[in-house]
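Undergrad: Going by our numbering, the sequence shown opens with residue 70, and the numbers climb by one from there.
Note that CB positions come from ideal geometry on N, CA and C, so glycine has one too.
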Amino acid sequence: NSKSIQLFQHLVSKKNNDKSEVEIFEMMYKTGKRDAFNRLLIRLRDKILESLIIDVNVLRGIYPESVQVNIEVRKILTQAQILSKRGARKCAGIMLEKVNMLCKKYELYEEWLISLRLCMRKNALEQGGKKVKKMMSEYLKVDQCKNAVLRAELNYYEVISYTDFRQASSIQ
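Have a look at this one:
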C-alpha cells in the first residue's frame with residue numbers, strides 16, 4: 070500500500086482515534102523522516118479536499134438541493150474563468166449562461182454577480198456597448214437584491230445574538 074493509504078487507514082481506524090500526530094508518525098516511519106511525513110500529510114489533505122467537490126460526493130443526496138446547486142455553480146464559474154483566460158470564450162459563455170439561469174432560479178446573488186461581470190467582460194470584447202449596458206442594468210438589479218438579502222441576514226443574526234437559547238433548552 071502507498072503511504073497515503075496507510076496514513077488514511079491509520080486516521081480512520083477506531084483504535085487510532087486517540088493517537089497524536091507524533092504517534093502516527095512513529096508508527097509509519099521508524100526512522101526520523103519528518104519532512105516526508107509532513108509532505109504526506111499535505112498530499113493527503115489536498116486529496117481529501119479535492120474529493121469533496123467531485124460530482125459523486127456532491128450529488129450523493131446528503132446536501133439539500135440548494136447547497137448542491139450552489140456547489141455546482143461555483144465549480145462552473147471556476148471552470149468558465151479558466152476557459153475564458155485560455156481563450157475558449159464561446160464555451161465559457163455557454164457555461165456562464167447556465168450559471169445565470171441557476172443563480173436566478175435559486176437566488177444565488179453573489180455568484181450571479183460574478184457571472185454577470187465575466188459575461189460583461191466577454192461581451193465588451195465581442196459585442197460592444199448595447200449588450201454590456203443591458204447587462205449592467207441587470208447587474209445593478211441583482212446587486213440590490215443581494216444587498217437586501219444581506220441586510221435581512223444581518224438583522225436576523227443581530228436578533229439571534231441577543232437571544233439566549235441556552236436558557237430555553239435548560240427549561241425543558
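#1: Return the Cβ separation of leucine 192 and lysine 202 in integer angstroms, given the expectation that the two are a contact with Cβ distance under 8 angstroms.
#2: Return the chain-ordered list of same chain residues with a C-beta closer than 7 angstroms to the C-beta of leucine 113, the five sequence neighbours on each side being excluded.
#3: Have a look at isoleucine 122 and asparagine 107 and give me their C-alpha separation to the nearest angstrom.
#4: Under 8 angstroms Cβ to Cβ from lysine 173, same chain only, skipping five residues before and after it: list those, please.
#5: Taking only the alpha-carbon atoms, compute the straight-line gap between isoleucine 111 and alanine 149 and give it to the nearest angstrom.
#6: Fully enclosed by the stretch 132-183, which beta strand (DSSP E) runs are 3 residues long or longer?
#7: Less than 8 angstroms separating the beta-carbons of leucine 171 and valine 125?
#8: Return the CA-CA distance between asparagine 216 and alanine 105, expressed in angstroms with no decimal places.
#9: Is the distance from the Cβ of leucine 185 to the Cβ of methionine 164 below 8 angstroms?
#10: Between which two residues does the alpha helix (DSSP H) carrying glutamine 196 extend?
#11: Using C-beta distances below 6 angstroms, list every residue in its chain close to glutamine 241, excluding the 5 sequence neighbours before and after it, in chain order.
#12: Starting from the Cα of valine 211, find the closest Cα among Thr232, Gln196, Glu176, Met189 and give me that residue.
#13: To which residues of the same chain is tyrosine 98 closer than 8 angstroms at the C-beta, ignoring the five residues directly before and after it?
#14: Just curious, the alpha helix (DSSP H) that lysine 72 is in, first and last residue?
#15: Cα separation between alanine 161 and alanine 221?
#16: Which first and last residues belong to the alpha helix (DSSP H) in which arginine 112 is found?
TA: The structure says:
#1: Note on residue identity: the sequence assigns asparagine, not leucine, to residue 192. Wrong, their Cβ atoms sit about 10 angstroms apart, outside the cutoff.
#2: Excluding positions up to five away in sequence, the list reads Ser73, Leu76, Phe77.
#3: Looking at the two C-alpha atoms, the distance is approximately 24 angstroms.
#4: Trp181
#5: 28 angstroms
#6: None, since the stretch 132-183 contains no complete beta strand (DSSP E) of that length.
#7: no
#8: 48 angstroms
#9: No, they are not a contact pair.
#10: It is not in any alpha helix (DSSP H) - glutamine 196 carries neither H nor E in the DSSP assignment.
#11: Summary for glutamine 241: the model assigns pLDDT 49, below 50, so the residue's position carries little reliability, and this model does not support an answer.
#12: Glu176
#13: Ala105, Phe106
#14: 72-81
#15: Each residue's Cα considered, the two are about 33 angstroms apart.
#16: 103-121
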